[in-house]
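At the far end of the sequence shown sits residue 620, using the working numbering, and the numbering has no gaps.
The C-beta atom is built at its ideal place from N, Cα and C for all residues, glycine as well.
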Amino acid sequence: MNDSFISVKNVCFSYTDENNIKIPVLKNISFDVKKGEFVVILGHNGSGKSTMAKLLNLVLTPDSGRIVVGGIDITSEKITDDDVFSIRQRIGMVFQNPDNQIVSSIVEEDVAFGPENLGVLPTEIRKRVDNALAEVGMTEFMKHSPSQLSGGQKQRVAIAGIIAMLPECIVFDEATSMLDPSGRRDVMNAIEKLNKEKGITILHITHNMSEAVNADRVIVINDGQVCMDDVPKRVFSDVAKLHEIGLDVPQVTELIYELKNSGIELPCDIIDIDEGAEALASLLKKWEN
Ligand code: ADP
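Here you go:
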């Protein structure tokens, strides 16, 4: 049985420049996201991440290859308007700029916009709006104007608007990159909670490696190709490879890597601060004895 929610196989995509010359951006990309997984696509600016998100959202069409979402081949020529409608409900998208995603002047009306468009009954909409705002910790701002909110709060309202459509999967396309550290933390907490508690499949596209530490899997894209696809511990333990393609690693991983390079014996798969502190503490104890 195939338990993938998203399946991308040998996808190539090029933009055409003003002289009609094709510029290849995605070069034979393949990956899968299983139902219920929290997957991060990591890559520096210009590596092709947003182009990938636009292909999943049917804004762009690949030159070749196949993309299946929720059992529907979205690259098939036979795809119908009903299929597109169904895909857009089942796979929600949250983008970089929260201001571009807000459509109403009151938070609760903004969250109701999606289900209203789906033809959901008013009593059911009320329930969905209340639940969605509670999910992202924004209930108290229900009657506020989005313009009074911080970037992180606006982004959580945008997420509530998606949740209210009851999607199976949400794709976050650099959804944290315009936020301050506290807004970023709140949005990341909301994303992780949706995955762990609601079982919503998450594809989080980011250039910020610290947001990949708690993922089930990290797919690293470089120059339009998948160059790593593994659990975070294994991806981040290959510090040399990540440096080679211009990506950082979590600070604690970098510290342990440098200590190892200077001959100190430490494990190479440390990606969170608690683990790092524990490894250093047990090393100090060993030295004391
Ligand atoms: P990322 O999201 O990783 O920053 P993008 O998918 O936005 O990468 O861009 C990948 C490459 O495609 C970049 O070199 C970018 O300049 C180019 N690109 C993106 N959008 C367009 C466009 N509309 N027309 C031409 N080139 C584009």
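Counting only the same chain and skipping the five closest in sequence on each side, list residues whose C-beta sits under 6 Å from that of residue i.
i	result
C558	V551
Below 8 Å on the Cβ atoms is my guess for residue i versus residue j; work out the distance and round it to an integer in Å.
i	j	result
P498	G607	Going by Cβ atoms, the distance from P498 to G607 rounds to 36 Å, so no, they are not a contact pair.
V342	I398	6 Å
D547	S568	D547 to S568, Cβ: 16 Å. No contact.
H535	I522	6 Å
I437	K474	6 Å
V400	I337	6 Å
Once you ignore the five residues that flank residue i on each side, which residues in its own chain have a CB closer than 7 Å to its CB?
i	result
N526	F369 and I533
V356	F344, S345, Y346, G379, T382 and G555
V518	G483, Q486, R487, A506, T507 and L510
V415	L389
K458	none
P581	M540, S541, V544, F567 and I602
Does the beta-carbon distance from residue i to residue j come in below 8 Å?
i	j	result
V442	A495	yes
L386	A543	no
I602	K572	no
I493	V425	yes
C500	R421	yes
A489	L464	no
D334	K358	no
Shorter than 7 Å, the distance from the beta carbon of residue i to the closest heavy atom of the ligand FAD, or not?
i	result
Y588	Only the ligand ADP can be found as ligands here, which leaves the ligand FAD out of the picture.
### Message
Runs of 4 residues minimum, wholly inside the stretch 357 to 416: which ones carry the alpha helix (DSSP H) assignment?
### Response
380 to 387
### Query
Going along the chain, which unbroken runs of the beta strand (DSSP E) with 3 or more residues stay wholly within the stretch 479 to 508?
500 to 504
### Task
Check whether the stretch 468 to 480 touches the stretch 425 to 437, taking contact to mean three or more Cβ pairs, one atom from each stretch, closer than 8 Å.
yes
### 4-residue-minimum alpha helix (DSSP H) runs that sit fully inside the stretch 433 to 465, ordered along the chain
438 to 448
#### Entry: Continuous beta strand (DSSP E) assignments of at least 3 residues falling wholly in the stretch 527 to 572
532 to 537, 548 to 553 and 556 to 561
### Query
Touch check for the stretch 582 to 597 and the stretch 608 to 615: three-plus C-beta pairs under 8 Å?
yes
#### Entry: the stretch 467 to 475 in contact with the stretch 499 to 508 per 3-pair CB rule at 8 Å
no
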